[in-house]
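To start, the structure itself, in structure tokens.
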Ligand code: SF4
Ligand code: SF4
Ligand code: FES
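Protein chains in written order, with my numbering: chain Z, 135 to 357; chain X, -12 to 104.
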């Protein structure tokens, strides 16, 4: 899932300083799971902004709503009635959600309440780690299920660099060397020979090269 | 047990049921100070409720500091049901702290608005 974190309340307040009434929109997708922009976080932010503004003698009216997902037009359309009389929309979704809102509500000031950080998962409740770099052509079958693109600090694709020490990456003793992990796992699986197979350079044209990417599935299109 | 008449007690089944939203709401509703009393460490019937409450209170204090309201108006204490004396002390301590901080700044604003109307 997408992992995001809330911006400082002061920064969000500054984006809507000239507004009297705002709509805060949470997202029940990824950011609910990573506890950054779900229903609860939306209420907490609304309350914080109200308190702040009341102290400044400039009260702020808030409306809150949590969309099923902000990255699907049908759920964004459900906001139509709520947006009419607000001066701004504060999105607590990832950057995708913010853009969907901005696209639909063209005459509204739409601002992000979160910083979208990475895609990954949780290790324990309250701790998330980056796991995938969205390279466009997954190679995990060749690397023992460990992604060298995002978990190797240098995204090296052919084994560790000279900075790999006692299983740790040279950037920090708290960061595992991805290639040590890959080697250990392939060894345990009895598949070290796979690491010796010749690999052509990775085709980066499937990644960010060439502008924003698209995925199309004609078979599921309704019209 | 005697304690200052300055507090209003809201009973909860366990301090662990406290929520960030409820704490912020109390201040929006005009509370000058709030404290959450949880069982002694190791004595929570739900095992970790008091530890969780303490962490949530800490987080809300952080938010209150961040927005300039002041986290000092909120605190967490551990005490058992048998410590009436300690409860009275905490009430006194919080009351004194709040007296020093003055009324909830949101109340001052509300009064001003009311006065003008
Ligand atoms: S808008 Fe972003 S956070 Fe919400 S479900 Fe879609 S991808 Fe996840
Ligand atoms: S190889 Fe590419 S798609 Fe697979 S996990 Fe790594 S970055 Fe993601
Ligand atoms: S029962 Fe959980 S804090 Fe008292």
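Every residue gets a Cβ at the ideal spot worked out from N, C-alpha and C, and that includes glycine.
Cross-chain neighbours of residue 195 of chain Z in chain X, by beta carbon under 7 Å:
In chain order: nothing, as chain X lies at least about 13 Å away.
Contact set, ligand 3 heavy atom to C-beta under 6 Å:
The set of residues with any CB-heavy atom separation to ligand 3 below 6 Å comprises, in chain order, X/1, X/2, X/3, X/25, X/26, X/31, X/32, X/33, X/36 and X/37.
Within 10 Å of its beta-carbon, does residue 180 of chain Z have 16 or more other beta-carbons around it, so buried, or fewer, so exposed?
Classification of residue 180 of chain Z: buried, given that the 10 Å Cβ count is 16 or more.
Under 7 Å from any heavy atom of ligand 1, does the C-beta of residue 203 of chain Z make it?
It does: the Cβ of residue 203 of chain Z is within 7 Å (strictly closer) of some heavy atom of ligand 1.
Can you name the start and end residues of the alpha helix (DSSP H) that residue 173 of chain Z belongs to?
Run containing residue 173 of chain Z: 173 to 189, per the alpha helix (DSSP H) assignment.
Only counting the same chain, and skipping five residues up and downstream in sequence, which positions put a Cβ closer than 6 Å to that of residue 173 of chain Z?
The beta carbon of residue 173 of chain Z sits closer than 6 Å to those of 160 and 200, all from its chain and outside the five residues before and after it, given in chain order.
Going by DSSP, what residues sit across from residue 166 of chain Z in a beta bridge?
Per DSSP, none; premise fails for residue 166 of chain Z.
Just checking: is the beta-carbon of residue 104 of chain X within a distance shorter than 8 Å of some beta-carbon in chain Z?
Model confidence at residue 104 of chain X stands at a pLDDT of 35, short of 50, so the residue's coordinates are unreliable and nothing is read from them.
Comparing the CB of residue 267 of chain Z with every heavy atom of ligand 2, is any distance shorter than 7 Å?
Distances taken from the Cβ of residue 267 of chain Z to the heavy atoms of ligand 2 include one shorter than 7 Å.
Around the Cβ of residue 26 of chain X, are there at least 16 other Cβ atoms within 10 angstroms (buried) or fewer (exposed)?
By the Cβ-count criterion, residue 26 of chain X is buried, with 16 or more other Cβ atoms from all chains shown falling within 10 Å of its own Cβ.
Would you list the residues sitting across from residue 76 of chain X in a DSSP beta bridge?
Partner(s): none; residue 76 of chain X has no beta bridge.
Exposed or buried, residue 313 of chain Z, counting other C-beta atoms within 10 Å across all chains shown (16 or more means buried)?
Burial call: buried.
Give me the Cα-Cα distance between residue 39 of chain X and residue 339 of chain Z, rounded to the nearest whole angstrom.
Spanning the two alpha carbons is a distance of roughly 48 Å.
I believe residue 285 of chain Z touches residue 15 of chain X by the beta-carbon criterion, under 8 Å. Please report the beta-carbon distance rounded to the nearest angstrom.
About 44 Å separates the Cβ atoms of residue 285 of chain Z and residue 15 of chain X, ruling out a contact at the 8 Å cut-off.
Please check if any C-beta of chain X sits within less than 8 Å of the C-beta of residue 142 of chain Z.
With 8 Å as the cut-off, residue 142 of chain Z counts as an interface residue toward chain X.
Residue range of the alpha helix (DSSP H) that residue 146 of chain Z falls in?
For residue 146 of chain Z, the enclosing alpha helix (DSSP H) has its first and last residue at 143 to 149.
What does DSSP give as the partner residue(s) for residue 299 of chain Z in the beta ladder?
In the DSSP assignment, residue 299 of chain Z forms a beta bridge with Z/302.
Environment of residue 145 of chain Z [buried if 16+ CB atoms lie within 10 Å]
Residue 145 of chain Z comes out exposed.
Proximal residues, the stretch 83 to 95 of chain X versus chain Z, C-beta separation under 7 Å
Those would be 92 and 93, in chain order.
What residue range does the beta strand (DSSP E) around residue 243 of chain Z cover?
Bounds of the beta strand (DSSP E) holding residue 243 of chain Z are 243 to 246.
Using a Cβ-Cβ cut-off of 8 Å, state whether residue 61 of chain X counts as contacting chain Z.
Proximity of residue 61 of chain X to chain Z, defined by a Cβ-Cβ separation below 8 Å, is not satisfied.
Since residue 182 of chain Z meets chain X, which of its residues come closer than 9 Å, beta carbon to beta carbon?
Residues of chain X whose Cβ lies closer than 9 Å to the Cβ of residue 182 of chain Z are, in chain order, 11, 50, 51, 53, 54 and 56.
Rounded straight-line distance, which links the Cα of residue 332 of chain Z to that of residue 162 of chain Z
For residue 162 of chain Z and residue 332 of chain Z, the distance between alpha carbons rounds to 44 Å.
Partners in chain X for residue 154 of chain Z, counting only beta-carbon separations shorter than 9 Å:
Simply none; closest approach about 15 Å.
Closer than 6 Å by C-beta to residue 243 of chain Z: which residues in its own chain qualify, once you throw out the five before and the five after it? Chain order, please.
So the qualifying residues of the chain are 222.
Taking the runs of the beta strand (DSSP E) that are 3 residues or longer, which of them lie wholly in the stretch 187 to 234 of chain Z?
When DSSP assignments are scanned along the stretch 187 to 234 of chain Z, the uninterrupted stretches of beta strand (DSSP E) that are 3 or more residues long and fall wholly within it turn out to be 195 to 201 and 222 to 225.
Could you check whether residue 311 of chain Z and residue 302 of chain Z sit closer than 8 Å to each other, using their CB atoms as the reference points?
By the CB criterion at 8 Å, residue 302 of chain Z and residue 311 of chain Z fall inside the cutoff.
For residue 137 of chain Z, which residues of its own chain have a beta-carbon under 6 Å away from its beta-carbon, when the five flanking residues on both sides are left out?
Same-chain partners within the cutoff: 168, 251, 252, 254 and 262.
With a threshold of 8 Å between beta-carbons, can residue 33 of chain X be considered close to chain Z, or not?
Not closer than 8 Å to any Cβ of chain Z, the Cβ of residue 33 of chain X fails to qualify, so no.
Going along chain Z, which residues have a C-beta under 8 Å from residue 8 of chain X?
Under the 8 Å cutoff, chain Z gives 174, 177, 178 and 181.
How about residue 185 of chain Z: is its C-beta nearer than 8 Å to some C-beta of chain X?
Interface residue, yes.
Over the uninterrupted alpha helix (DSSP H) stretch that includes residue 292 of chain Z, give me the two end residues.
For residue 292 of chain Z, there is no enclosing alpha helix (DSSP H), as DSSP marks it with neither H nor E.
Can you pull the chain Z residues whose beta carbon is under 8 Å from the beta carbon of residue 14 of chain X, in chain order?
Here the neighbours are 185.
Residue 163 of chain Z beta carbon near ligand 1 (any heavy atom closer than 7 Å)
Flag set: Cβ of residue 163 of chain Z near ligand 1.
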